[in-house]
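Protein chains: 2
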Amino acid sequence: MRQIIEERTGSFSRSPQLVEAPAANLRVAAHTTVLHEGDPARRIMEVVEGAVMLTKLLPDGRRQVVELLGPGDVFGLAHDEAYACSAETLTPSVISTHERSALERDPVLAARLLRRFEAQLCVMHSHALVLGRMSALERVAFFLLRLMPEGMVGGATLHLSMTRQEIADFLGLTLETVSRAFSELKRRGLVALLRADEVRIQDRGSMRRLAGAA
Amino acid sequence: MRQIIEERTGSFSRSPQLVEAPAANLRVAAHTTVLHEGDPARRIMEVVEGAVMLTKLLPDGRRQVVELLGPGDVFGLAHDEAYACSAETLTPSVISTHERSALERDPVLAARLLRRFEAQLCVMHSHALVLGRMSALERVAFFLLRLMPEGMVGGATLHLSMTRQEIADFLGLTLETVSRAFSELKRRGLVALLRADEVRIQDRGSMRRLAGAA
DNA sequence: CTCTACCATTGAGAAAGATCAACGGCGGAG
DNA sequence: CTCCGCCGTTGATCTTTCTCAATGGTAGAG
Numbered sequence: 001m002r003q004i005i006e007e008r009t010g011s012f013s014r015s016p017q018l019v020e021a022p023a024a025n026l027r028v029a030a031h032t033t034v035l036h037e038g039d040p041a042r043r044i045m046e047v048v049e050g051a052v053m054l055t056k057l058l059p060d061g062r063r064q065v066v067e068l069l070g071p072g073d074v075f076g077l078a079h080d081e082a083y084a085c086s087a088e089t090l091t092p093s094v095i096s097t098h099e100r101s102a103l104e105r106d107p108v109l110a111a112r113l114l115r116r117f118e119a120q121l122c123v124m125h126s127h128a129l130v131l132g133r134m135s136a137l138e139r140v141a142f143f144l145l146r147l148m149p150e151g152m153v154g155g156a157t158l159h160l161s162m163t164r165q166e167i168a169d170f171l172g173l174t175l176e177t178v179s180r181a182f183s184e185l186k187r188r189g190l191v192a193l194l195r196a197d198e199v200r201i202q203d204r205g206s207m208r209r210l211a212g213a214a
Numbered sequence: 001m002r003q004i005i006e007e008r009t010g011s012f013s014r015s016p017q018l019v020e021a022p023a024a025n026l027r028v029a030a031h032t033t034v035l036h037e038g039d040p041a042r043r044i045m046e047v048v049e050g051a052v053m054l055t056k057l058l059p060d061g062r063r064q065v066v067e068l069l070g071p072g073d074v075f076g077l078a079h080d081e082a083y084a085c086s087a088e089t090l091t092p093s094v095i096s097t098h099e100r101s102a103l104e105r106d107p108v109l110a111a112r113l114l115r116r117f118e119a120q121l122c123v124m125h126s127h128a129l130v131l132g133r134m135s136a137l138e139r140v141a142f143f144l145l146r147l148m149p150e151g152m153v154g155g156a157t158l159h160l161s162m163t164r165q166e167i168a169d170f171l172g173l174t175l176e177t178v179s180r181a182f183s184e185l186k187r188r189g190l191v192a193l194l195r196a197d198e199v200r201i202q203d204r205g206s207m208r209r210l211a212g213a214a
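Keeping their order, the protein sequence lines are chains B and P. Letter 120 of the first sequence, counting from 1, is numbered 120 in the UniProt record's numbering, and no numbers are missing. Letter 190 of the second sequence, counting from 1, is numbered 190 in the UniProt record's numbering, and no numbers are missing.
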């Protein structure tokens, strides 16, 4: 896996204190595992460009995609010195990495991470509501609204860079249930499927109602 | 609700910069709603003593307990200037509150919050795995292990300060399913129920296996 | 151009959990 | 002390989602 295409020292978050804790920018292909759950947690990372998913596994192989990340989001968090999640790119991405020790030395970095952690924690709270209390159809509606930037015009079509299995692992469903939910949304006219991975939201109002005011 | 019993200016995190952003410690009775989802987010809070649960509601009344907090944990997070969750005490608690602006002025506070956010984000990742991929029995086992401090001796009994409904709302189940799971764990000898809210873990190994190495 | 993965869709049957309902116990109010 | 109300338990049934299985589409390799 780890098909890191390019690595260069970062022009990102450079500051006088950072002499021995350099930031590095990685350019990574799609479908690359950037880090592994359980590995020693040496660095903390930010998505600069692209999309990354964080996953956790149960011993028997059940998988949960715990978070979907875009530009600005932070990952590589540690519990007991080990990464709590694996991270895999969904699209070609640029990732900025920092020594963990830089957190104590670089207040600008620390402040940015603090703001971002707060945002990501709020998103996780919403996701808990989705996973704990929403039906399959509601989950898929929520997922599509979350991907579709608010200001996006009605005509624009959304490209999904996830398979049905990945969406299912994110929403706590099976791939068949996700597929059925897509078909149901299409049948109700809330959504148009140009291709399996090309979606247009037709009736945003009904989608929002389904997703519980997302 | 809001039965605040006592308020006093905090001896907590006092620092020279904090002249106009004082910390305040609140002493709060059990079963008190400390803040409401949607209210303007003016302050950020830390649990000093006691236990707090964060909840979110869907428009039709379905509820999810998104996080359980103990001493050191932070809440009062905001999305768009409004609290993302309601917060309710489970036991009599002491809560320290800070102006949000203190975050920019008090680096000690900011550093503490950064560490805590990272820990809470990791816990939320685990919880997503629980909600998305675990069976009812596994969820309840996970819940009990999470409450039972690691070092706790076999003989010690755990007091649950949550009703079956609250546990269900935390685990994404119904209260009946939670009750059945407790009975099943008892029947299998993994747990002893002295009273409905008094539990002893009898077979920690089997519990850990059920909970997927929690 | 064709073949071949892989991915998505759809259907039928099974299982887990939700819902509806009745009963029992414990604790606080009077 | 007794009553009443809330909470928990258990049972029966129903719904949703999972599981298993077959079929169809699409994109990349040869």
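Where is the CB? At the ideal position from N, CA and C, for every residue including glycine.
Chain-ordered listing is empty here: chain B has no CB closer than 8 Å to the CB of residue 92 of chain P, the nearest sitting near 25 Å. The Cβ-Cβ distance between residue 163 of chain P and residue 199 of chain P does not fall below 8 Å. Not flagged as an interface residue toward chain P: residue 38 of chain B, since no C-beta distance is shorter than 8 Å. Residues of the UniProt domain "HTH crp-type" (134-205) of chain B whose Cβ lies closer than 7 Å to any Cβ of chain P, in chain order: 172. Judged by their CB atoms, residue 100 of chain P and residue 64 of chain B are not nearer to each other than the 8 Å cut-off. For residue 86 of chain B, the secondary structure class from DSSP, reduced to helix, strand or coil, is strand.
At a cut-off of 8 Å between beta carbons, residue 50 of chain B makes no contact with chain P.
In this structure, residue 46 of chain B keeps its C-beta atom at 8 Å or more from the C-beta atom of residue 93 of chain B. Membership of residue 68 of chain P in the beta strand (DSSP E) is indicated by the continuous run 63-69.
Of the candidates P:27, P:87, P:44, P:56, the residue whose Cα lies closest to the Cα of residue 125 of chain B is P:56. Residues of chain P whose Cβ lies closer than 8 Å to the Cβ of residue 61 of chain B do not exist, since the nearest Cβ in that chain is about 10 Å away. Distance check between residue 90 of chain B and each of B:172, B:39, B:54, B:188 places B:54 closest, using alpha-carbon atoms only.
Put simply, of B:58, B:40, B:174, B:118 the residue whose alpha carbon is nearest the alpha carbon of residue 78 of chain P is B:118. Put simply, the backbone Cα of residue 206 of chain B is about 16 Å away from that of residue 183 of chain B.
Using a CB distance below 9 Å, the part of the segment 118-132 of chain P facing chain B consists of 118, 119, 120, 121, 122, 123, 124, 125, 126, 127, 128, 129, 130, 131, 132, ordered along the chain.
In the DSSP secondary-structure assignment, residue 192 of chain P is bridged to P:200.
Here the alpha carbons of residue 41 of chain B and residue 82 of chain B stand approximately 5 Å from one another.
The beta carbon of residue 192 of chain P is closer than 6 Å to those of 200, 202 in its chain, skipping five residues each way along the sequence. The beta carbons of residue 210 of chain B and residue 181 of chain B sit no closer together than 8 Å.
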